[in-house]
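Numbering (our numbering), first residue to last: 421 to 787.
Glycine residues also receive a C-beta, built at the ideal position from the N, C-alpha and C atoms.
The structure appears right after this line, and notes come after that.
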């Protein structure tokens, strides 16, 4: 099988889907690897490094004309779809629930599409979970960005001039990103509180030294590894539970997403009015509409003295680590679908069944 690693086309995207170290392992599996020229340049992986481990460096056109499988981090552009060939396999994040037209276009070319964000969140697939590996880094980066934007330090500081009290951090959502944000903020010395629709996350928060804000009397829970969408009753109860902490917070980080839908509003205009001037809110759901009513994706907006950061593609700012982790996720996936160097998509396998969105002229999972 010939596998092509494409250069990312998205603006300000610094990652690459497969790094030279993993390319070496793939070649050892019997896979022939092609890499688009300068695919790893933004992450400081040179063409020479790829060639040094046995990959050929070619043009994007050659990738599309020769490869059986094309790998990229972000969804394909219209130009990419136009170049796809019958039975060729495209592998990337596709967000098929939100992009049905894209899936129809790929299927219309007779190509196959495997969506990395659709890999089931089951124990056997943890090593392939690109959402988790990238969210982990994003949670760290969100705290660092918040710390940079704040006008005070995180830790308690006792000096001859007096005592500096620790910063207070409030985190909405205790998934992978939220847990890493809690851990990072605690390491920096902040007092950390967190809330989540899933009551079972309480122990995880406490294990990292944070305080869990419980929403009593109303539960939401999780399904398929994701938090369920909260009811209006829950949102009202959550507001009442967190508003005191929100008013005292120096940094707020929101992480809530619902697959295939607009991000839920967790901080509305009225709650923004409770926050103190100088506070910072990092909205990690900005690209899906934002958890705050005033969020603008890719921008810093100041409302009543509160700095609202519409975080976009945070893993890209940690491109070396993000690329390495993403590449290992791809390697683990290929161990499943090309264990001896030949592509085998067994739709009886739970992982393939969940992630293979279309093929053989059929769309398996509708948006």
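- Every beta strand (DSSP E) stretch that sits fully inside the region 517–599 and reaches 3 residues is listed by chain position as 532–535, 577–579, 582–584, 588–592.
- DSSP lists 674, 730 as the beta-bridge partner residues of residue 703.
- Residues of the same chain with a CB within less than 6 Å of the CB of residue 527, apart from the 5 flanking positions on each side, are 778, 783 in chain order.
- Boundaries of the alpha helix (DSSP H) around residue 483: 480–486.
- Around the CB of residue 535, 16 or more other CB atoms lie within 10 Å, so the residue is classed as buried.
- CA-to-CA, the gap between residue 522 and residue 516 works out to about 8 Å.
- Bounds of any beta strand (DSSP E) do not take in residue 625; it lies within the alpha helix (DSSP H) bounded by 622–627.
- For residue 663, the uninterrupted alpha helix (DSSP H) run begins and ends at 652–668, by DSSP.
- Straight across, the Cα-Cα distance linking residue 507 with residue 589 is about 50 Å.
- Ranked by Cα distance from residue 694, the first of 723, 499, 679 is 723.
- Here the alpha carbon of residue 690 sits roughly 26 Å from the alpha carbon of residue 679.
- When the Cα atoms are used, residue 565 and residue 608 turn out to be separated by approximately 13 Å.
- Within the DSSP bridge table, the entry for residue 631 names 613 as partners.
- Here DSSP, grouped into helix, strand and coil, assigns residue 601 to helix.
- The beta-bridge partner set that DSSP reports for residue 422 consists of 452.
- DSSP places residue 720 within a strand segment (E or B) once states are collapsed to three.
- Cβ neighbours of residue 469 within its own chain (closer than 7 Å, five residues either side excluded): 440.
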